[in-house]
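In numbering that gives the first Met the number 0, the protein residues as written are 0 to 222.
Ideal Cβ placement from N, Cα and C applies to all residues, glycine included.
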Amino acid sequence: MFPLRLPAASLTAAVLLLAAASTTASAHPHGTQTQGTPTQGTQTHGAQTHTIVPGLVGGGFETPVVPAPSPFTSYTGGQAVGPWTSGGHSVDLTSDRLWDAAEGSQSLDLNGSAAGGVSQEISTLPLTSYIVSFELAGNPAWAPALKTGELRVDGVPVKTFSFDITGHGFRNMGYTRHTAVFTSLLKTSVTLTFASTSPGVGGPVIDDVQVRSCLLVLCPPVS
């Protein structure tokens with residue numbers, strides 16, 4: 000979703016709302032996000048303070064655990080992948096027995112037997128912007144070399160992403176951090192979707208998904 004130009008009155012209301020939220024969060028100045036456990040707190044990046052969103056869980060794809068000795072578990076569209084719901088054709092929850100994760104011991108290939116994706120609904124505040132960040136690599140075993148996908152909010156693409164697997168392998172995945180920003184004007188929840196737009200059995204690989212709020216006028220540039 001592209002940056003929105005809000006009337007001065009709305010922008011003032013947004014700043015006041017976020018200031019109130021920041022005051023509430025300051026009671027937990029050292030809050031951290033624990034995998035699979037919703038927590039609320041703040042993290043400071045330079046001069047900016049971002050409130051951790053308590054609604055997103057399972058961003059590291061550590062649950063369910065891929066049973067040994069299997070290298071991955073496939074999920075077809077409509078099945079639950081921990082707190083996520085699979086969509087499209089299928090996805091592969093992949094253990095580090097096959098390739099390295101960006102964090103923890105599991106990651107998600109957005110292509111199972113064909114292009115798939117995962118979705119999760121998270122809580123949002125009105126007139127608030129959110130930063131979605133994630134680690135991106137690609138399944139190095141299959142063509143095409145360039146893996147592509149989209150991050151969608153309520154079905155609307157807010158970021159297209161791609162990763163070239165050339166020169167990478169199972170123990171040299173080459174994860175890179177990507178970010179996107181979207182704004183919730185009136186909604187109290189949105190659905191985040193990571194979807195592959197690559198053909199075949201090997202797609203984009205994602206891990207360590209995080210969501211944080213930010214002031215609309217102070218949100219960092221996306222990458």
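Item to check | Inter-residue spacing [alpha-carbon to alpha-carbon] between Q209 and D99 | outcome: Counting from one through the sequence shown, the residue named residue 209 turns up at place 210. Counting from one through the sequence shown, the residue named residue 99 turns up at place 100. Rounded to whole angstroms, the separation of the alpha carbons of D99 and Q209 is 19 Å.
Next on the checklist: Please classify S183 as buried or exposed, where buried requires at least 16 neighbouring CB atoms within 10 angstroms.
Outcome noted: Taking the sequence shown and counting its residues from 1, one reaches residue 183 at position 184. Counting Cβ neighbours within 10 Å, S183 comes out buried, since at least 16 surround it.
Checklist entry - For T123, is the classification buried or exposed, using 16 other Cβ atoms within 10 angstroms of its Cβ as the cut-off for buried? => result Your numbering for residue 123 matches position 124 in the sequence shown. T123 is buried by the Cβ-count criterion.
Checklist entry - Taking the beta strand (DSSP E) that W83 falls in, what are its first and last residues? => result Locating residue 83 in the sequence shown gives position 84, counting from the first residue. Run containing W83: 83 to 87, per the beta strand (DSSP E) assignment.
Checklist entry - Can you tell me whether DSSP reads S69 as helix, strand or coil? => result Counting from 1 along the sequence shown, the entry for residue 69 is found at position 70. Correct three-state label for S69: coil.
Item to check | the ligand SAM heavy atom lying under 7 Å from the CB of T93 | outcome: Within the structure as shown, the ligand SAM is missing, as the structure has no ligands at all.
Item to check | G168 - DSSP class collapsed to helix/strand/coil | outcome: As a working note, residue 168 is residue 169 in the sequence shown. DSSP places G168 in strand when its eight states are reduced to three.
Checklist entry - How about G115 and V131: are their beta carbons less than 8 Å apart? => result Within the sequence shown, residue 115 is the residue found at index 116, counting from 1. Within the sequence shown, residue 131 is the residue found at index 132, counting from 1. By the CB criterion at 8 Å, G115 and V131 fall outside the cutoff.
Checklist entry - Per DSSP, what kind of secondary structure is K146 in: helix, strand or coil? => result Position 147 of the sequence shown, counted from the start, is the residue given in the question as residue 146. Secondary structure of K146 (DSSP, three-state): strand.
Next on the checklist: Rounded to the nearest angstrom, what separates L191 and A140 at their Cα positions?
Outcome noted: As a position in the sequence shown, residue 191 is number 192, starting the count at 1. As a position in the sequence shown, residue 140 is number 141, starting the count at 1. For L191 and A140, the distance between alpha carbons rounds to 27 Å.
Next on the checklist: Which residue marks the beginning of the beta strand (DSSP E) containing P125, and which one marks its end?
Outcome noted: As a working note, residue 125 is residue 126 in the sequence shown. Note, P125: premise wrong, no beta strand (DSSP E); not H, not E.
Next on the checklist: Rounded to whole angstroms, what is the Cα-Cα separation between A101 and K186?
Outcome noted: What you label residue 101 is simply residue 102 of the sequence shown in a count that begins at 1. What you label residue 186 is simply residue 187 of the sequence shown in a count that begins at 1. Our two residues, A101 and K186, have alpha carbons roughly 32 Å apart in a direct line.
Checklist entry - Name the DSSP beta bridge partners of G77, please? => result Within the sequence shown, numbered from 1, the residue matching residue 77 stands at position 78. Answer by DSSP bridge pairing: none, since G77 is not bridged.
Checklist entry - Just the Cα atoms here: how many angstroms apart are D206 and F162? => result In the sequence shown, residue 206 corresponds to position 207, counting from 1. In the sequence shown, residue 162 corresponds to position 163, counting from 1. Spanning the two alpha carbons is a distance of roughly 14 Å.
Item to check | Contact between the segment 145 to 163 and the segment 192 to 200 (3+ Cβ pairs under 8 Å) | outcome: Contact annotation: the segment 145 to 163 touches the segment 192 to 200, with at least three C-beta pairs closer than 8 Å.
Item to check | The beta strand (DSSP E) enclosing T190, as first and last residue numbers | outcome: On the sequence shown, position 191 is the one that residue 190 refers to. Taken as a continuous stretch (DSSP letters only), the beta strand (DSSP E) holding T190 covers 188 to 195.
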